[in-house]
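Here the structure comes first, spelled out in structure tokens, and everything after it is commentary.
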Amino acid sequence: MSGKTALAVFLVSVLSAPGALAGDAEEGAHGGSAMVVLSWDESGQFGPQTPGTKTAGWQEAIDYCVEHGQDLYAKGGWGGRKAIYHVQDTIRIPATQDFRIDGGVYVINWEGPADDPAKDLMIIDSSMNCEYHFGIFVYGGAGAALRIRPEHPVPIDGFPVVVETEIKSQGLADPQPFVRGERRAGTGLVLDATRAGITCSRFDFVGGILNFQTCVAAMGSFRQNHFSCLHLHTNADKSTLLTLGPGCSQNVVEVAIGVDMGAEDVRGIVVEGSNNTFQMMTRGSFPRGNDLILEGAAAGNRIDVIHGKDAFDPADFLTDKADKATNRLTWVGGRVPLYTVEGSSGTWVYTQRLYPACVRLVGGDVLGMKLVRGEDSVDCYESCRADILMDVGDELHVMSTEAPALQVRAIGGR
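So in the working numbering, the last spot in the sequence shown is 444, and the numbers never skip.
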């Protein structure tokens, strides 16, 4: 029996078991049912019919799971028009361990209070060894559709953290996905590790994250995680797809990015973190150099650009404002065209950034030249008219009476 078939058989047995339907939650808890069932169509133990609910039964179902030590199954449904949970207040998953939320594909639709637009749709506190598999979040507020913020201690190990946890969703979207225009507030996903660390966990967004002022924002001690989004895109003017703050390190980030409907002034991935690996597929339409922006603090990151052009010019895709020349860039297809760098007379220092290159002196009255790598240096004046192989971060110190010129030939593709 395949895994999917086994799961289907298991869920049928859960839903048909005594105590599995509305009104029998307590009997179901003590009658061997492995999961509490939340359903949009009132066929589960919790749902829109739950007395006094402002979360279509979500908060009450989670609270019940916490009290009785059970997992949660949220019912979806074929067709995408009926399986909708209309939510007026924030859903909160408290600090927990060994907890699983599973389910079909459904929509959690935010209908939060107009007098408190900054309320989040869902907040996940600390989690250790948890698995959360969600449907689609639709959110038009000024807070976050999904905020992951470890703050309180997990119940067994006794400290706040998100660790060894998998969070998966079919996607997060603005409520007007086909209307272009500026979104002045609101974030899709916030990975907030400013209070406690988020580490050694997996975040997978199979569908899109789209049309927020900022689609994804990671901050604080967000480290050693795997993040993937198969379609990170927007039609929101002046928006940003993903930001990775200065404390974010040693993460693997895999994204496919793009701009829809001619949206203007869109930034793709903005990096301040260090020693991360990016695999970035891009279909373009960003302003030149805005697919990826390396800010001053960005260091030691490895970026692989998968693009659809016949030729590749890094300046078309990337803006490098990093303080240190330690970030590395690779790309598929095409070669970077030869380009010339004009120096200045006296002592001029050329630093190789982003990719290795062969560098050759093609102009100027040169008196001396040396290659510097860290604390080491090599005199290369005798061979100054030949190619000099430079790695990322290498410096070429050129002494001249007439401004020199260097021809640079990139060798960093793959």
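Positions of the beta carbon are idealized from the N, C-alpha and C atoms, including for glycine.
Verify whether the separation of the beta carbon atoms of G298 and D321 is less than 7 Å.
In this structure, D321 lies closer than 7 Å to G298 by Cβ.
Looking at the structure shown, is I92 part of a helix, part of a strand, or coil, going by DSSP?
Reduced to three states, the DSSP call for I92 is helix.
If you check the beta carbons only, do A104 and V66 fall under 7 Å apart?
Going by C-beta atoms, A104 is not nearer than 7 Å to V66.
Specify, as a first and last residue, the run of the beta strand (DSSP E) that A148 falls within.
Careful: A148 lies outside any beta strand (DSSP E) and carries neither H nor E.
Out of curiosity, what's the CA-to-CA distance linking N9 and S231?
Shown here, the chain extends from 31 to 444; a query on residue 9 therefore has no answer.
Looking only at its chain, what residues have a beta carbon closer than 6 Å to the beta carbon of R225, apart from the 5 residues adjacent to it on each side?
Excluding positions up to five away in sequence, the list reads E181.
Given this structure, state the Cα-to-Cα distance separating A59 from D101, to the nearest angstrom.
Because the pLDDT at A59 is just 38, under 50, the model does not fix this residue reliably, and the point stays unresolved.
Restricting to Cα atoms, I'd like to know which of T377, T264, Y162 is closest to G211.
Comparing Cα positions, the closest option is T264.
With H, G and I counted as helix, E and B as strand and the rest as coil, what does DSSP make of D409?
Strand at D409.
Compute the distance between the beta-carbons of L324 and K351, then report whether it is under 7 Å.
Yes, Cβ-Cβ distance for L324 and K351 is below 7 Å.
Can you give the Cα-Cα distance for P284 and Y169, rounded to whole angstroms?
For clarity, residue 284 is Glu in the given sequence; the question names Pro instead. Going by the C-alpha atoms only, they are around 24 Å apart.
Check whether L359 and L397 have beta carbons under 7 Å apart:
At least 7 Å separates the beta-carbon of L359 from that of L397.
Report the residue from L272, D343, D295 whose alpha carbon sits nearest the alpha carbon of F308.
The shortest C-alpha separation from F308 is found at L272.
Please name the residue in N255, P78, V193, A175 whose C-alpha comes closest to that of P183.
Checked all of N255, P78, V193, A175; the closest Cα to P183 is V193.
Nearest to D424 by CA position, among M291, G237, E405, S315, is which residue?
Here the closest residue by C-alpha is E405.
Give the list of continuous beta strand (DSSP E) stretches no shorter than 3 residues that lie fully inside the region 222-265.
Runs found: 232-240, 244-253, 256-264.
Could you check where the alpha helix (DSSP H) with A345 kicks off and where it finishes?
Per DSSP, the unbroken alpha helix (DSSP H) holding A345 starts and ends at 344-347.
In terms of alpha-carbon separation, which member of S251, D187, S315 lies closest to P13?
Because the chain here runs from 31 to 444, residue 13 falls outside it and cannot be looked at.
C-beta contact flag for I287 and L260 at 7 Å:
No, these two residues do not count as a Cβ contact at 7 Å.
Taking the CB atoms as reference points, tell me whether Q243 and Q280 lie closer together than 7 Å.
It is not a contact, given that the beta carbons lie outside the stated cut-off.
Using a Cβ-Cβ cut-off of 6 Å (strictly less than) and excluding sequence neighbours within five positions of Y411, which residues of its own chain qualify?
Short of 6 Å from the beta carbon of Y411, and not among the five residues preceding or following it, lie these beta carbons of its own chain, in chain order: G398, M399.
Here's a check: name, in chain order, each residue in its chain whose Cβ is nearer than 6 Å to the Cβ of T381, leaving out the five neighbours to either side.
Same-chain partners within the cutoff: A355, E425.
Pull up the distance between the alpha-carbon of F167 and that of E97, whole angstroms please.
Distance between the alpha carbons of F167 and E97 is about 26 Å.
Which first and last residues belong to the beta strand (DSSP E) in which Q437 is found?
For Q437, the enclosing beta strand (DSSP E) stretches over residues 425-440.
Using 7 Å as the threshold, is the C-beta distance between A248 and L221 below it?
Yes; because the gap between Cβ atoms is below 7 Å, this pair is in contact.
Identify, in the order they occur along the chain, each residue of the same chain with its Cβ nearer than 7 Å to the Cβ of G393, setting aside the five sequence neighbours on each side.
So the qualifying residues of the chain are P434, A435.
If P143 sits next to A172, beta carbons under 8 Å apart, how far is it from one beta carbon to the other, in whole angstroms?
With a Cβ gap of about 12 Å, P143 and A172 do not count as contacting.
May I ask you to list the residues that DSSP assigns as paired with G354?
The question names Gly, yet the displayed sequence has Lys at residue 354. Its beta-bridge partners do not exist; DSSP assigns none.
Return the CA-CA distance between F233 and S199, expressed in angstroms with no decimal places.
The straight-line gap from Cα to Cα measures roughly 8 Å.
Comparing alpha-carbon positions, which option in V422, V389, D395 lies nearest L368?
Ranking V422, V389, D395 by Cα distance to L368 puts V389 first.
What are the partner residues of V282, as DSSP defines its beta bridges?
In the DSSP assignment, the residues bridged to V282 are H256, T307.
What distance in whole Å lies between the Cβ atoms of L240 and L176, which are believed to be in contact at a cut-off of 8 Å?
About 14 Å; that fails the 8 Å criterion.
Are any of the Cβ atoms in chain C nearer than 7 Å to that of Q79?
Of the chains in the structure shown, none is chain C; there is only one protein chain.
Quick check: does the Cβ of T224 come within less than 6 Å of any heavy atom belonging to the ligand ATP?
Annotation note on the ligand ATP: not contained in the displayed structure, which lists no ligands.
Find out if the Cβ-Cβ distance for the pair T370, D395 is shorter than 7 Å.
No, Cβ-Cβ distance for T370 and D395 is not below 7 Å.
Considering only residues of the same chain and omitting the five flanking positions on each side of R439, which have a CB-CB separation below 7 Å?
Once the five neighbours on either side are set aside, the close Cβ partners of R439 are L368, A387, C388.
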